[in-house]
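Quick note, the sequence shown lines up with residues 30 to 175 if you use the working numbering.
Glycine included, every Cβ here is placed at the ideal spot set by N, Cα and C.
Inspection log for the structure reproduced underneath, given as structure tokens.
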Amino acid sequence: IITDRTYRRSIRLLQAEAWYHERDHVTEEDFEILQHAWWDDPKETRTLHSRILETTNPEKQELIDIFNESMQSFKDIHDEQDIGKQMEKASELRKKMGKTLKRIDVLLREMKAKGKEVADLEEMKSKIQMEIAEVYKRVFNMSSDI
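Pasting the structure below:
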């Protein structure tokens, strides 16, 4: 629950965030700072961040969801002890990652067209590509050409 006092502090926090980024006005991206001010329990910050992004920057939220899902898929492959199952999961991953990387490119283009900052998201894309290469090298002893 956001009280009047919290609301007033949030306005000042948003203005400070804009000033920190050398702007004289608040943008949608500045709202992410509120994840650090609105929680009651530290465990709430991730959920709060997601809710803020769903409202202010849905493309970024989708990219973060894609990144988290991809990292979990890579972890599942690395954790698999059975080589056959590991190869099966890696083959499924190859099909999925081609579509995933195309979707990431579309989202990045949309965000750039809107003038939104994408450097951290491009870094996430690079991490996904590095993980794909690592999985292929480890499981199939070959390089990825996605």
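Would you say the stretch 124-141 touches the stretch 81-97, given that touching needs at least three Cβ pairs under 8 Å?
yes
Buried or exposed: W67, going by 16 or more other Cβ atoms within 10 Å of its Cβ?
Walking along the sequence shown from the start, residue 67 turns up at place 38. Buried, by the Cβ-count rule.
Quick one, which of N170, E51, S79 and M153 has its alpha-carbon nearest E61's?
What you label residue 61 is simply residue 32 of the sequence shown in a count that begins at 1. Ranking the options by Cα distance to E61, first place goes to S79.
Whole-angstrom C-beta distance between I133 and I161, which should lie under 8 Å
The residue given as residue 161 occupies position 132 in the sequence shown. The residue given as residue 133 occupies position 104 in the sequence shown. So it is not a contact: roughly 12 Å between Cβ atoms.
With V55 as the anchor, note down where its alpha helix (DSSP H) starts and where it stops.
Here residue 55 is taken as the residue at index 26 of the sequence shown, counted from 1. First-last for V55: undefined, no H or E at that position.
Buried or exposed: where does S155 fall if 16 or more other Cβ atoms within 10 Å of its Cβ makes it buried?
Numbered from its first residue, the sequence shown carries residue 155 at position 126. S155 is exposed by the Cβ-count criterion.
Secondary structure of R48, DSSP reduced to three states
Position 19 of the sequence shown, counting from 1, holds the residue named residue 48. Just to set this straight, residue 48 is Trp in the shown sequence, not Arg. Of the three classes helix, strand and coil, the one that applies to W48 here is helix, per DSSP.
Measuring only the C-alpha atoms, how far is L92 from T76?
In the sequence shown, the residue the question calls residue 92 occupies position 63. In the sequence shown, the residue the question calls residue 76 occupies position 47. Between L92 and T76, the C-alpha separation is close to 15 Å.
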